[in-house]
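First comes the structure, then the notes that go with it.
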Amino acid sequence: MGDSVIKRYHICNNCTINNISIDWDSSFWKNVSIAEINTFHPSSSHHRPETQVKIQYNDKGIFILFKVNDQYVHSLYTAYNSKVNEDSCVEWFIKPQEFEGYYNFELNAGATLHVNYIVDPERDSKGKRKDIRSIPEYHSKQIKILSSLPHVVDPEIKEKMTWFLGINIPFTFFELYTPIKKINSSIWQGNLYKCGDKTSHPHWASWSPIDKLNFHQPKHFGEFVFV
């Protein structure tokens with residue numbers, strides 16, 4: 000990342016949380032630090048949604064909560080690993096410590112998931128990523144997702160509104176490609192994103208700044224420290 004300052008977020012252990020929750024101010028979430036997805040790529044429209052994220056973990060898995068102050072919300076895709084980035088979408092790319100690849104957790108406002116394990120995001124002459132490994136839908140079903148919005152948002156919500164999306168990723172999910180032996184004190188690399196590629200007001204925002212309009216840039220990942 001050159002001489003730029005590396006973004007860092009501390010993920011704290013909360014042994015009391017055991018269920019997915021999208022109540023931003025609940026006892027489970029009220030004292031958790033906030034990450035801001037507020038660096039917008041110049042190609043974005045004038046619509047700049049305010050997106051905040053809270054992350055914590057316990058001995059079973061990771062809990063993530065997105066809060067989006069949004070407008071022009073649209074969510075059509077309902078099939079696993081469909082093009083959710085074209086909808087109103089939030090994303091967490093994360094690279095576990097000591098492994099070469101990262102996971103691209105992408106979720107639209109209706110809670111549809113897209114995820115793969117990516118070792119080399121560069122594209123070949125046919126436009127395909129050089130090393131991307133699929134994750135069967137049955138394996139991803141252990142991830143719990145809860146949205147404050149319905150599964151499909153159509154027509155578009157043109158008014159200003161706030162929506163929430165919560166995710167619980169059990170550590171067993173990672174066993175397919177990156178078995179986690181130790182979590183406490185580990186440092187993972189990754190980034191957080193907000194996008195809406197095919198919405199009426201396209202936008203692309205990140206937590207850790209990127210240069211070109213491409214979220215798949217591990218060189219710009221920040222750090223997620225488990226404490």
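The numbering of the sequence shown is numbering that gives the first Met the number 0, which starts it at 0 and goes up by one.
Ideal Cβ positions, reconstructed from N, Cα and C, are used throughout, including at glycine.
- By the neighbour-count criterion, in which 16 or more other beta carbons inside 10 Å mark a residue as buried, Q188 falls on the buried side.
- Runs of alpha helix (DSSP H) with 4 or more residues, each lying fully within the region 56 to 122, are absent.
- Looking at the DSSP output, T38 shares a beta bridge with S205.
- Sequence-distant Cβ neighbours of D153 in its own chain, meaning closer than 8 Å and more than five residues away, are H73, S74 and L75.
- According to DSSP, residue pairing for N30 in a beta bridge does not occur.
- Cβ contact annotation for A204 (same chain, cutoff 8 Å, sequence separation greater than five): I36, N37, T38, F39, H40, S43, R47, P48, T50, Y192, K193 and C194, in chain order.
- Between the region 81 to 89 and the region 111 to 131, the count of C-beta pairs closer than 8 Å reaches three or more; the two stretches touch.
- For S184, the closest of I5, Y56, K29 and V4 by C-alpha to C-alpha distance is Y56.
- Where Y192 is concerned, the enclosing beta strand (DSSP E) starts and stops at I186 to C194.
- Per DSSP, the beta-bridge partners of E222 are R7 and Q188.
- A contact is defined here as three or more CB-CB pairs under 8 Å, and the region 60 to 69 meets this definition with respect to the region 17 to 30.
- DSSP, read as helix, strand or coil, puts S20 in coil.
- When beta bridges are read from the DSSP output, P217 appears opposite no residue.
- Taking 8 Å as the cut-off, the Cβ atoms of T177 and F98 count as close.
- Per DSSP, the continuous alpha helix (DSSP H) segment holding S139 begins and ends at E136 to S139.
- For L164, the uninterrupted beta strand (DSSP E) segment begins and ends at M160 to P169.
- Our two residues, P217 and G165, have alpha carbons roughly 24 Å apart in a direct line.
- Per the C-alpha coordinates, the member of N190, P201 and I186 positioned closest to V224 is I186.
- The residues E99, G100 and D130, in chain order, have a CB closer than 6 Å to that of V118 in the same chain once the five nearest residues on each side in sequence are set aside.
- Under the DSSP assignment, K157 falls outside any beta strand (DSSP E); it carries neither an H nor an E label.
- In the DSSP assignment, D130 forms a beta bridge with D119.
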